[in-house]
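Shown next, in C-alpha cells, is the structure this report addresses.
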Amino acid sequence: MQTLKSKLFFAAWLAALGGYAPLGAAAPKHDLYLSVLLSGQGQIMGGRAPALSGVYRSTDRLKVEHVGFGHIRMFQVIGDPHSADGLYLAALNGVVHSKDRGKTWRILTGWNMTEPKGLAIDPNATDHIYAGLPDGIAVSRDRGATWARMNDGIRRSYTQTITIDRTQAGRVLAGTELGIYLTEDGARTWRLVQPTSETTYDLRQSPHDPKIFFAVTTSSGALWSEDRGRTWRPIAGVPKKHTLHNGVFDPSAARRLVLCGWDAGLLVSEDGGRTWLDRTAGLPNRQIWSVAVDPDQPGRLYASPFQQPVYVSEDFGLTWNPAFFEKATAFNLTFVPRS
Amino acid sequence: MKTLSCLALAVVFSVPLARAQPSFKGPMPDATVIVDASLRRAAYLSRVDEALIWRAAMAKPGEPKTFGLGEIVSKLARREDAAACSERLIELMKAPTGDMFWMFPVTAIYYLGRDQLTPEAKAAVREAWRAYMPLRGDTENHWAMYYSSLYLMAQQWPDEPGERWFNGKSSQENFAESRDYLLHWMELTTTIGQGEYDCTHYIGEYAIPLLHLATWARDPAMRQRGRMMLDYIFADYAVETLDGMYVGAHARTDDTTLLEKWNGFSSFFGWLLLGNCPPTVSYGGWGIYFVAAAKNYELPEVIYRIGTDRAGTYTHYERKRTRHRWRNSDVRNAPVYKTTYITKDYAVGSDQGGLLQPIQQHSWDVTWAVPDPRGVHNTIFSNQPHFSTHELMMYFSENPDFMPVTVTSQGKPTYISESKLLGGSPYEQIFQRDDTVISLCHVPAGANFEQVNGFFSKDLARIEEDASGWIFAQGGNAYIAYRPLAPYEWKPLEVGGKRLRSPHGKNGTIVQAAAVAEFKSWDDFKTAIRALPLEIRLEPTPRVAFTTLRGKKLVCAFGAAPIVDGTTFDYSGWKLFAGPYLNAEVGSGKLTITHGALERVLDFKTVTITDRVKP
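Chains C and W, in that order, give the protein sequences. Letter by letter, the first sequence follows residues 1 to 339 in this note's numbering. Letter by letter, the second sequence follows residues 340 to 954 in this note's numbering.
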C-alpha cells in the first residue's frame with residue numbers, strides 16, 4: 001500500500017509539474033467522468049459501503065470530485081446537448097438526469113426499466129434518447145420525459161451498448177445479446193446486421209470517417225465495418241476467449257485504435273486494426289474494465305484494471321502510472337464536452 | 340448484482356449480539372393446536388411482545404451504537420422512550436445507508452412515530468428522503484421493499500415537488516409509480532407464480548413490506564391487497580412446512596439453512612404465526628420490522644390449521660416461475676414445477692431440476708421431523724455442483740468474466756466450489772412421485788465438476804452401505820433408501836457428516852423415503868427396498884426404471900418426459916397450486932385455501948376475501 005501511495009503521490013507531483021496536464025496548455029475542452037465501484041468485490045446492495053462509489057469528475061486531470069449519489073452501479077455518463085451543465089446517467093436505478101452538473105438528479109425512467117447500460121442521444125435529433133436495457137431498448141422523444149420500448153425485430157433483446165450514426169438522424173446501432181442490430185427509422189424497426197454468439201459490449205463510430213464502426217464482444221472478438229455498420233468483418237489478432245469491454249478510436253490519430261478486456265489486457269493498433277500491440281505491461285493485471293482516450297491531450301490514455309487504481313499513460317500505453325483511486329472498478333471512463 | 344443474502348445483511352445491519360432471547364434459547368414451544376381464537380391471538384401477541392421487549396432492551400444508555408433503527412422501531416411500537424428515539428433518529432438520519440434495506444425500517448419508524456417523534460426527528464427523516472438516493476436494486480425482493488416504502492412515504496408527504504425527493508420525482512409521481520409496480524408484481528405472482536418462491540430467508544423481504552402496506556396504506560384496496568398477499572405468502576409457506584421448517588425445493592436458501600433446515604428467517608414466521616418452532620437468532624434480524632406492525636395482522640385460522648393441524652399425509656403441487664431471465668433464454672420467466680410430499684415424520688420435496696434460479700437454488704431434499712431442530716442437520720439430498728457465467732448472465736446484467744469469483748465474496752462463498760451443496764444445474768433432471776425422487780444427471784465433458792454430491796448428515800441415526808448398491812439411512816422416524824447411480828467416495832464435511840462424491844458425469848440419485856412405523860423392523864425396510872424392481876442404465880444417457888414403495892412404475896430418462904405407470908407425464912396442465920389445502924388455476928388470480936370445513940378464497944381480480952365454513 002505504501003508503494004501505491006508513493007506512486008500516487010509521484011503521479012500527482014508529475015502532474016503538478018505539467019507531466020499529465022500541462023498547465024501551460026490550453027484548458028481542456030472536456031471533463032473526464034469515471035463511473036466506479038470503490039468498495040471492492042464484496043460490496044452488495046444494501047451493504048454498508050466502505051467507500052463512496054458512483055460518478056467522479058476530473059476537470060483538471062489531477063484530482064477527482066464525487067458527483068451525485070454514491071451508488072455501486074453507475075454504468076455510463078453522457079453530456080446533455082441542450083445544456084453544458086446537463087448530464088445523463090445510465091445507472092442501476094434507471095436513466096437519470098442532472099441539470100446542474102450533478103447537484104440534483106431526477107430519475108427519468110419508471111419501475112419497468114431497470115439497469116440501463118448503454119445510453120445515447122441522437123446528435124441530429126437532440127430530444128431523442130436511446131437506452132439499452134436488459135430486456136430491450138427504450139426510446140424517449142422528449143428528452144427523457146416519457147419513454148417507449150422500441151425493440152421490434154430484436155431476438156433476445158438484452159442490449160448493452162448503443163451508438164448513433166452522426167450522419168443521419170434515427171440511424172442507430174445496438175449491441176445486443178446475439179448481435180449488432182441496425183435501425184434507420186429511429187428504432188421503429190430493427191434488423192440484424194451482424195450475429196454474435198454472445199453480447200456485444202461496445203460499439204463506436206470513427207471520429208475520422210463516419211462510415212467506419214468498431215465493435216467488441218464477449219466471445220466473437222472485435223468487429224469492423226466500413227459501410228456505416230451494414231456489414232461487418234472480424235478483426236484478426238484479437239483474443240476471443242473472454243469479454244472485450246471497450247473498443248475506442250483515438251480522435252487525434254486516424255488509424256490508431258485501442259481495446260481492452262478481461263484477460264485480454266490492453267491492445268493498441270496503429271494501422272487501423274490490421275496489427276495489434278499488447279500495451280498491458282506496466283498495468284497491474286490483464287483484466288481491464290475500461291479504457292478512454294483523452295481528446296484534449298494527444299497520446300494520453302486512461303485504463304482501469306480490475307480492482308486497481310485507474311492508470312494513465314502519456315505515450316499511448318508504452319508506460320503507465322496510477323492516476324486516481326487506490327482500488328477501483330471503473331465501469332466507464334468518458335469525456336464530456338464542457339460546452 | 341445483486342444481490343445479497345438477507346442473512347448477511349442482517350449480520351451487518353440489524354442484529355445485535357444474541358443476548359438472552361427467551362424463545363430462541365428456551366425449550367421447544369408447546370405445539371398443541373390452539374383451537375380457541377382468542378387464546379391463539381393472545382399467544383401471538385405474547386410472542387410479538389417478547390420480540391419487541393427484547394429488542395427495545397438492546398439499547399444501552401450512553402452507547403449509541405446499541406441504539407439503531409431496530410431498537411427505535413421496537414420502542415416506538417411499545418410507545419416508550421419517544422424523546423430518546425427522536426434524538427437518536429436525528430443522528431442516524433445524517434448518514435443513511437442500506438438502500439432498500441434502509442427504506443422499510445425508516446418507513447415503519449416514521450409511521451409508528453407519527454404521534455411520538457419530535458418535529459425535529461420527523462424533519463430529519465424527511466430530509467433524508469430528499470438527500471439520500473437508495474439503490475432500487477435488481478431483484479423482486481428489492482423492488483418490493485423499495486416500492487412499498489416509497490408508496491407509503493409518498494402517501495405520507497403528498498403534493499410535494501420533485502425537489503423534495505431523492506429521485507427528483509414529485510409525490511404524485513412516486514406514489515403512482517410505486518402503486519403500479521406493486522400491482523404489477525401482485526398480478527404476476529398470483530397468475531403465473533412467485534419468482535423468488537419459497538425462500539427460507541427472502542420470505543421476510545416480501546412479508547415485511549406487505550405488512551406495512553396492509554397496515555398503513557390509506558387506500559382501502561391497497562391495504563386489502565397487502566393483507567391478501569400476506570395470506571397468500573403465508574399459506575404458501577404453511578403448506579410446505581414440517582413443524583415450522585420450510586421444506587423441499589427453494590428458489591433461494593443458503594449454505595446454513597440448506598443443512599440445518601430450521602435455521603432460516605422463515606422459521607421466525609413459524610414461531611410467530613404457527614407457534615410450532617423456535618425463532619431464529621435475534622428473531623430473524625429483520626423480523627423486528629414485522630413484529631413492530633404485527634398487531635395489525637392476524638393469520639387466518641385456515642392457514643394456521645394447515646401449518647399445525649393436518650389430517651395425514653398429503654402431496655402438494657405448485658407452479659412457480661423463474662426470476663427474470665435477461666440472457667441465455669428465450670423466455671422471460673420459465674415455469675417451475677414443484678412437488679412436496681409431507682407426512683408427520685418427514686417431507687420430500689423437489690422441483691424439476693435445471694437452472695431455475697441463480698446461485699442459491701435448492702432442488703430437492705428429504706427432511707425429517709426432530710424433537711428440537713436447533714443445530715440439527717435433519718435432511719438428505721444430492722446435487723450436481725455447477726457454476727457458470729452462462730448461469731449468471733441468464734439472471735444478472737453484469738459483465739460475465741469477473742462474476743463467478745465475485746459471487747463468492749458476496750455472501751455465497753461456495754458458489755465455485757466442487758464440494759458445493761447449494762445451487763441448481765442445467766445438467767440435472769428431477770422427477771418426484773410421492774416420497775420417491777429420481778434425479779438424473781448428464782454432465783457434458785469439460786463442464787465444471789463432472790460429479791454428483793450427496794449430503795449425509797451427522798444426525799442420521801444410521802447409515803449402511805448395502806451390497807445391493809443402496810445406502811440405507813434413518814433420520815428421526817424416517818427410513819431413507821439412497822441409491823447412487825455411479826461409483827462414489829466419501830469426503831468428510833467440516834460441519835459434520837459426510838459428502839458422497841460421485842465423480843462421474845452420467846450419474847444420478849434415487850431416494851425412497853418411508854416412515855419407520857410402516858415396517859416391523861429396519862431389516863424389513865431394507866428387504867422391501869431391495870425387492871423393488873430397478874433398472875439403471877447410464878449409457879448413452881442416464882435412464883432409470885423403478886417401481887416405488889407405493890407401487891408406482893416410474894421410467895425416467897435424461898432429456899425425456901418421465902413415464903408413470905406407462906403414461907408419459909405432462910406438465911402442461913400443472914396448476915398454480917394443487918392439493919388438499921391450496922388450489923389455484925394458472926392465470927386465475929384466485930387462491931382457495933381449505934382446511935377441513937374452513938375455506939378462504941383470495942380473489943385478486945376483485946380484491947376480495949371470502950370466508951366460509953363448509954357444511
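All residues carry an ideal CB built from backbone N, CA and C; glycine is no exception.
{"Query": "Report yes if the CB atom of alanine 215 of chain C is closer than 9 Å to the CB atom of lysine 241 of chain C, and no otherwise.", "Result": "no"}
{"Query": "With the cut-off set at 9 Å, would you say methionine 74 of chain C and leucine 62 of chain C are in Cβ contact?", "Result": "no"}
{"Query": "Rounding to the nearest angstrom, what Cα-Cα distance links aspartate 127 of chain C and serine 140 of chain C in this structure?", "Result": "8 Å"}
{"Query": "Per DSSP, what are the beta-bridge partners of lysine 845 of chain W in this structure?", "Result": "W:His781"}
{"Query": "Does the stretch 758-767 of chain W come into contact with the stretch 687-704 of chain W, if we say contact requires no fewer than three beta-carbon pairs (one atom in each stretch) closer than 8 Å?", "Result": "yes"}
{"Query": "Can you grab the Cα-Cα spacing for the pair threonine 947 of chain W / alanine 632 of chain W, in whole Å?", "Result": "22 Å"}
{"Query": "How close, in whole Å, do the beta carbons of threonine 592 of chain W and threonine 539 of chain W come, if the pair is a contact with beta carbons under 8 Å?", "Result": "4 Å"}
{"Query": "So alanine 856 of chain W and asparagine 792 of chain W are in contact, right, with Cβ under 8 Å, and what is the actual spacing, rounded?", "Result": "That belief does not hold up - the Cβ atoms of alanine 856 of chain W and asparagine 792 of chain W are roughly 31 Å apart, past 8 Å."}
{"Query": "How should proline 559 of chain W be labelled, buried or exposed, when 16 other C-beta atoms within 10 angstroms of its C-beta is the threshold for buried?", "Result": "exposed"}
{"Query": "Considering only residues of the same chain and omitting the five flanking positions on each side of threonine 243 of chain C, which have a CB-CB separation below 7 Å?", "Result": "Tyr201, Thr218, Gly261, Trp262"}
{"Query": "Can you list, in chain order, the stretches of the beta strand (DSSP E) that have 3 or more residues and sit fully within the stretch 706-734 of chain W?", "Result": "718-722"}
{"Query": "How about aspartate 369 of chain W and glycine 614 of chain W: are their beta carbons less than 9 Å apart?", "Result": "yes"}
{"Query": "So, using beta-carbon positions, are asparagine 738 of chain W and histidine 245 of chain C closer together than 9 Å?", "Result": "yes"}
{"Query": "Per DSSP, what kind of secondary structure is tryptophan 224 of chain C in: helix, strand or coil?", "Result": "strand"}
{"Query": "For asparagine 602 of chain W, count neighbouring Cβ atoms within 10 angstroms of its own Cβ and tell me buried if that reaches 16, exposed if not.", "Result": "buried"}
{"Query": "What are the start and end residues of the alpha helix (DSSP H) that includes tryptophan 555 of chain W?", "Result": "542-555"}
{"Query": "Give me the residue from W:Ile411, W:Pro361, W:Leu937, W:Leu384 with the minimum Cα distance to asparagine 635 of chain W.", "Result": "W:Leu384"}
{"Query": "Around the Cβ of alanine 16 of chain C, are there at least 16 other Cβ atoms within 10 angstroms (buried) or fewer (exposed)?", "Result": "Its pLDDT being 38, under 50, alanine 16 of chain C is placed unreliably in this model, and the value from its coordinates should be taken loosely. Looking at its Cβ environment, which holds fewer than 16 other Cβ atoms inside 10 Å, alanine 16 of chain C is exposed."}
{"Query": "Three or more beta-carbon pairs under 8 Å between the stretch 894-904 of chain W and the stretch 764-783 of chain W, yes or no?", "Result": "yes"}
{"Query": "Shortest alpha-carbon distance to arginine 57 of chain C belongs to which of C:Thr159, C:Glu65, C:Ile137?", "Result": "C:Glu65"}
{"Query": "Can you list, in chain order, the residues of its chain with a C-beta nearer than 6 Å to that of aspartate 773 of chain W? Leave out the 5 residues immediately preceding and following it.", "Result": "Tyr680, Arg889"}
{"Query": "Report yes or no: do the stretch 534-549 of chain W and the stretch 582-601 of chain W share at least 3 C-beta pairs separated by less than 8 Å?", "Result": "yes"}
{"Query": "Let me know if proline 305 of chain C comes out buried or exposed under the rule of 16 or more other beta-carbons within 10 Å of its beta-carbon.", "Result": "buried"}
{"Query": "What are the start and end residues of the alpha helix (DSSP H) that includes serine 606 of chain W?", "Result": "604-608"}
{"Query": "Please classify phenylalanine 514 of chain W: is it buried, with 16 or more other beta-carbons within 10 angstroms of its beta-carbon, or exposed?", "Result": "buried"}
{"Query": "With a cut-off of 8 Å on the beta carbons, I'd call phenylalanine 629 of chain W and alanine 553 of chain W a contact; round off their distance for me.", "Result": "The pair is not a contact, with the Cβ atoms about 11 Å apart (cut-off 8 Å)."}
{"Query": "Identify, in the order they occur along the chain, each residue of the same chain with its Cβ nearer than 7 Å to the Cβ of alanine 254 of chain C, setting aside the five sequence neighbours on each side.", "Result": "His208"}
{"Query": "In whole angstroms, what is the alpha-carbon distance linking valine 337 of chain W and glycine 928 of chain W?", "Result": "Outside the shown range of chain W, which is 340 to 954, sits residue 337 of chain W, and nothing can be said about it."}
{"Query": "In angstroms with no decimal places, state the Cα-to-Cα distance between valine 940 of chain W and leucine 522 of chain W.", "Result": "19 Å"}
{"Query": "Applying a beta-carbon distance threshold of less than 7 Å, which residues of chain W neighbour isoleucine 107 of chain C?", "Result": "Asn506, Gly507, Lys508"}
{"Query": "What's the call for aspartate 100 of chain C, buried or exposed, on a 16-neighbour Cβ count within 10 Å?", "Result": "exposed"}
{"Query": "Any Cβ of chain C within less than 9 Å of the Cβ of asparagine 738 of chain W?", "Result": "yes"}
{"Query": "Since tryptophan 601 of chain W is in the beta strand (DSSP E), which residue starts that stretch and which ends it?", "Result": "Run containing tryptophan 601 of chain W: none; DSSP gives neither H nor E here."}
{"Query": "Give the secondary structure of glycine 40 of chain C by DSSP, where H, G and I count as helix, E and B as strand, and everything else as coil.", "Result": "coil"}
{"Query": "Would you say tyrosine 656 of chain W faces chain C, with C-beta separation under 9 Å as the test?", "Result": "no"}
{"Query": "Name, please, each residue of chain C whose Cβ falls closer than 7 Å to the Cβ of glycine 481 of chain W.", "Result": "As written in the sequence, residue 481 of chain W is histidine, which differs from the glycine given in the question. Residues of chain C passing the Cβ test: Met45."}
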